[in-house]
Amino acid sequence: MTTGVIGKPLPRVDGRAKVSGSARYAADFNQPGQVYAVIVSATVGLGRVTDIDSTAIEVMPGIIAVITHRNAPRLAYDEHKSYIDPAVGERLHVLQDDRVRFYGQPVAIVVADTLDRAERAAAALNIAYEAERPIVDPLERNVEPIVPEAATREGSWVHADSSRGDPDGALASAPAKLDEAYDIARENHNPMEPHATVAAWAGDRLTLWSKSQFVVNEQAEIAAIFGIPVANVQVICPFIGGAFGTSLRTWPHVTLAAMAARQVGRAVKLVLTRKQMFFTTGHRPRTLQRVALGAAPDGKLVSLIHEGSGETSRYEEFIEALTNASGYMYSCPNVRTEYRLRPLDIGTPNHMRGPGEASGIFALECAMDELAYALAIDPVELRRRNEPAIDEAENKPFSSRSLMKCYDVGSDRFGWANRTYEPRSMRDGRLLIGMGVASASYPAYQAPASARVRLRADGSAEVEVAASDMGPGTYTSMTQVAAEMLGLTLEQVHFRLGRSDYPPAPSHGGSWTMASVGSAIRAACLAVKTEAARRAVVDERSPVFGVAHEEVEWVDGRARRRGDAAPGPSYGELVTIAGAPIEAEASSGRDPEIAKRYSMHAFGAVFAEVAVDPDVGTIRVRRAVGAYGIGRVVNPRLARSQCTGGMIGGIGMALMERTVLDPRDGRPVNAHMADYLVPVNLDIPMLEAHFVEEVDPHVNPLGVKGLGEIALVGMAPAIANAVFHATGKRVRTLPIRIEDVL
Ligand code: MOS
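Residue numbers (my numbering): 2 to 743.
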């Protein structure tokens, strides 16, 4: 049965709510008697708090509490780790001791009856520190890379080391070779909506209206920190104003909001300032990488070595798949990848916009472009010559791989044929024009998820999952899946998410929401139809009375005996007869056998055109085209929007975004939107996203691979390669700055 709802470019079902202000974000959930908490952040980068004098601010008007490590309750901090938390190390225990581990660490909270009173008092709080100089730059004093312990564990998704053949030997004897270093700056997520939590206790039960991409994990984490049963915590988050990964983990401010609320016996609202969003809510780690390529004169790779390291904090090992893709992207008999960490006096990094792959594939794809020029081969042609038949790292077939099709479609739409090969050979007036290209890839993950479907007497269906929607359109796409599966109209489906008491969903990230949550909804719809069929066959007024329930099929929401023409009862009629909603809950996950047999990834080809002013060095992206093979596209309108959004993130990564830390105290010196640059409308050119026809029968029953992260991957190297084509200058550091091309 198909109603064709899946695949339609429908507008967002929550569009009106979002533009009319009725969509409520975490900080919008005001509670009766609510008071306001403000975090005081450490102003040294390492050391300890030696004295806090709160007497002066405690007498200021409206001040209700000043909580520091001296008077804060000792929290249970029971063991709790989900896959989203670093597997090695222990989370920050906030206000539990006098140590300052990084600049901006919370050292106090001030609670007042109004926000401005709390802010004023927080600013006046007198704190004395014993400060040491932190190490925040991995190149300063040569911080030794360490082997990430979690990446050496059996079955880890990130590998510290991998190798096949004799990469070093093959490199040494290769007719053509290059060996280059890449340095990608730390970036902060900077979504529009700041982190916010409203916390309210009722006895030993806690409700959190909190910005989260993973409400069931926030629930479990806070329960563990306070040592209370998971069922006593409820997390509510119906809308997210962008996140890009920053709300995957539960950061200290959530604990502080709950701590303050319990201390003062009132509901507490805590919203981070933009500046504080640079301190304790994760960031894309700075990475240092080396890529060495050896090739035959025809461009066939004979050796590929990719070594990389990412920064982490001193108390947790954050890992990401920095070098994984180099194992499967191209055909090459001799490959070595290595991944290390450099612990620094910083807060723990976190997944951000295409984590791992965005950084690692940047280095690989810049190196591939460089190799193309070393051999006088067209960069697209070089990729064709190295297209593998199977995943050579895992030695198994791809469930589907459309990279070459992406190059066909992308080249065509972009007009790659109009490009002249030589650097500095294209001009528009006095501007240098450059065109660059890069491959993109991201794993097609799927995680276990559950969903509940409830059929109601009015013929509508309620669908509930503890999922999130940080912007890609989960409300809309999941409504489409349920409508299609139930044979209902979109208006008849009421999809709800963002409550921890709904059936559990995995983190809203990693591009797996449709594969995971969509599959769960599909399973729950099938289950509720079976349940409805069971009811239909025992109702003597129904045309399917006495029929085996397996013989019942559903057409446009009505039951009939398979092959019969006469329409039977609708869901609504069955519910009316039953006298209560018909409900079913179901779970889904990836078939482990399929996972063993196939390598599952999305692929893409990204093309960018830049104009560089040769006199002042300004770089403008003029247009970009991405072509992606992502399996089935549930909603092309949302998918395109998601991809162009990711491409804009790639412009930021390539040309603007960089968190600069002062080496003396680890202070992020540009912790505000005036100096942390992100692309604004004037920086955004014509962007096109195309999806190649790709039917993947293996990934999951919906045939979807997900497209969140891959949308960003490939954009930065395409731009860097375009900058080389325009200027003849190879820049291997991000962001590329004016002074790099002058
Ligand atoms: Mo995404 S970085 O997995 O939120």
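Just so you know, even glycine gets a beta-carbon here, dropped at the ideal spot from N, CA and C.
Pull the bridge partners of Arg343 from the DSSP assignment, please. Counted from its first residue, the sequence shown places residue 343 at position 342. Looking at the DSSP assignment, Arg343 forms a beta bridge with Glu312.
Smallest Cα separation from Ala744: which of Tyr78, Pro718, Leu703, Gly166? This structure gives no information on residue 744, because the portion of the chain shown stretches from 2 to 743.
Is Gln214 near the ligand MOS, with its Cβ less than 7 Å from a heavy atom? The count along the sequence shown starts at 1 and reaches residue 214 at position 213. Gln214: yes, Cβ under 7 Å from the ligand MOS.
Separation of Gly488 from Arg563, as counted between CA atoms: One-based indexing of the sequence shown puts residue 563 at position 562. One-based indexing of the sequence shown puts residue 488 at position 487. Rounded to whole angstroms, Arg563 to Gly488 spans 16 Å at the Cα level.
Verify the contact flag: Phe245, CB atom, against every heavy atom of the ligand MOS, threshold strictly below 7 Å. On the sequence shown, position 244 is the one that residue 245 refers to. At least one heavy atom of the ligand MOS is nearer than 7 Å to the Cβ of Phe245, so yes.
Tell me whether Ile739 is buried or exposed, calling it buried when 16 or more other Cβ atoms sit within 10 Å of its Cβ. Here residue 739 is taken as the residue at index 738 of the sequence shown, counted from 1. Exposed is the call here.
Excluding the five sequence neighbours on either side, which residues of its own chain have a C-beta within less than 8 Å of the C-beta of Gly729, listed in chain order? Here the question's residue 729 lines up with position 728 in the sequence shown. So the qualifying residues of the chain are Pro424, Arg425.
Confirm the yes/no value for this check: CB of His284, any heavy atom of the ligand MOS, distance under 7 Å. If you number the sequence shown from 1, residue 284 lands on position 283. False, no ligand heavy atom lies under 7 Å from that Cβ.
Is Leu656 near the ligand MOS, with its Cβ less than 7 Å from a heavy atom? Numbered from its first residue, the sequence shown carries residue 656 at position 655. No, Cβ of Leu656 sits at least 7 Å from all heavy atoms of the ligand MOS.
Would you call His196 buried or exposed, if buried means 16 or more other Cβ atoms sit within 10 Å of its Cβ? Locating residue 196 in the sequence shown gives position 195, counting from the first residue. That one is buried.
Identify whether Glu554 lies in helix, strand or coil by the three-state DSSP scheme. The residue labelled residue 554 in the question sits at position 553 within the sequence shown. Strand at Glu554.
With a floor of 4 residues, list each alpha helix (DSSP H) that falls wholly inside the stretch 571-612, ordered by position along the chain. 572-579, 593-598
Which runs of the alpha helix (DSSP H) at least 4 residues long sit entirely within the stretch 10-56? Give them in chain order. 16-21
Going by the C-beta, is His352 closer than 7 Å to any heavy atom of the ligand MOS? Along the sequence shown, one-based indexing puts residue 352 at 351. Flag set: Cβ of His352 near the ligand MOS.
Looking only at its own chain, which residues have a Cβ that is under 6 Å from the Cβ of Ile7, when we skip the five neighbours before and after it? Position 6 of the sequence shown, counted from the start, is the residue given in the question as residue 7. Around Ile7: Gln481, Glu485, Val635.
Relative to the C-alpha of Ala297, which residue among Ala377, Thr490, Ile320 is closest? Sequence index remark: in the sequence shown, residue 297 carries index 296 (1-based). Comparing Cα positions, the closest option is Ala377.
Contiguous beta strand (DSSP E) assignments of at least 3 residues, all confined to the stretch 220-276: 234-237, 269-272
Are at least three pairs of beta-carbons, each pair with one atom in the stretch 177-196 and one in the stretch 348-367, less than 8 Å apart? yes
In this structure, does DSSP put Met2 in helix, strand or coil? The residue labelled residue 2 in the question sits at position 1 within the sequence shown. In this prediction, Met2 scores a pLDDT of 42, lower than 50, which makes its location untrustworthy; the coordinate-derived value is nonetheless stated afterwards. If DSSP states are grouped into helix, strand and coil, Met2 belongs with coil.
If you drop the 5 nearest sequence neighbours on each side, which residues of the same chain put their C-beta closer than 6 Å to that of Asp79? In the sequence shown, counting from the first residue as 1, residue 79 sits at position 78. Around Asp79: Ala225, Gly228.
Look at the Cβ atom of Leu172, then the Cβ atom of Ala293, and state whether they are nearer than 8 Å. On the sequence shown, position 171 is the one that residue 172 refers to. On the sequence shown, position 292 is the one that residue 293 refers to. A contact, by the Cβ cut-off of 8 Å.
Going by the C-beta, is Glu710 closer than 7 Å to any heavy atom of the ligand MOS? The sequence position of residue 710 within the sequence shown is 709, counting from 1. Result yes, Cβ under 7 Å from the ligand MOS.
For Asp741, collect the residues of the same chain with a Cβ closer than 6 Å to its Cβ; drop the 5 residues on either side in sequence, then sort them by chain order. By one-based count along the sequence shown, residue 741 stands at place 740. The answer, listed in chain order, is Val732.
Can you say whether Pro74 is buried or exposed, counting buried as having 16 or more other CB atoms within 10 angstroms of its CB? Taking the first residue of the sequence shown as position 1, residue 74 is located at position 73. Pro74 comes out exposed.
Beta carbon of Gln35 nearer than 8 Å to that of Val269: Within the sequence shown, residue 35 is the residue found at index 34, counting from 1. Within the sequence shown, residue 269 is the residue found at index 268, counting from 1. Taking 8 Å as the Cβ cut-off, Gln35 and Val269 qualify as a contacting pair.
What does a CB cutoff of less than 6 Å around Gly300 pick up in its chain, not counting 5 residues either side in sequence? The count along the sequence shown starts at 1 and reaches residue 300 at position 299. The answer, listed in chain order, is Leu376, Ile378, Leu383, Arg386.
Give the DSSP-derived three-state secondary structure of Lys82 in the structure shown. Locating residue 82 in the sequence shown gives position 81, where the first residue counts as 1. Here Lys82 sits in coil by DSSP.
What is the DSSP secondary structure of Ile737, reduced to helix, strand or coil? Locating residue 737 in the sequence shown gives position 736, where the first residue counts as 1. In this structure, Ile737 counts as coil in the three-state DSSP scheme.
Taking buried to mean at least 16 other C-beta atoms within 10 Å of its own C-beta, is Arg428 buried or exposed? On the sequence shown, residue 428 is found 427 positions in, with the first residue counted as 1. Under this definition Arg428 is an exposed residue.
Taking the continuous alpha helix (DSSP H) assigned at Leu172, which residues delimit it? Taking the sequence shown and counting its residues from 1, the one referred to as residue 172 is at position 171. 168-173 is the extent of the alpha helix (DSSP H) around Leu172.
So what does DSSP say about Val742, is it helix, strand or coil? For the purposes of this step, residue 742 is taken as residue 741 along the sequence shown, with counting starting at 1. In this structure, Val742 counts as helix in the three-state DSSP scheme.
Nearest-angstrom Cα distance between Ile65 and Arg354? Stepping through the sequence shown from its first residue, residue 65 is reached at position 64. Stepping through the sequence shown from its first residue, residue 354 is reached at position 353. Rounded to whole angstroms, Ile65 to Arg354 spans 39 Å at the Cα level.
Taking only the alpha-carbon atoms, compute the straight-line gap between Asp502 and Glu463 and give it to the nearest angstrom. The sequence position of residue 502 within the sequence shown is 501, counting from 1. The sequence position of residue 463 within the sequence shown is 462, counting from 1. Approximately 15 Å, taken between the alpha carbons.
Tell me which same chain residues have a C-beta within less than 7 Å of the C-beta of Glu133, skipping the five on either side of it? One-based indexing of the sequence shown puts residue 133 at position 132. Here the set comprises Leu47, Gly48.
Using a 10 Å radius around the Cβ and a threshold of 16 neighbouring Cβ atoms, would you call Met2 buried or exposed? As a position in the sequence shown, residue 2 is number 1, starting the count at 1. Residue placement at Met2 is flagged as unreliable, the pLDDT there being 42, under the threshold of 50; the coordinate-derived value follows with that caveat. Answer is exposed; the Cβ neighbour count stays below 16.
Reference Ala655; option with closest CA among Arg621, Phe415, Leu289: To locate residue 655, count along the sequence shown from 1; it is residue 654. Of the listed residues, the one whose Cα sits closest to Ala655 is Arg621.
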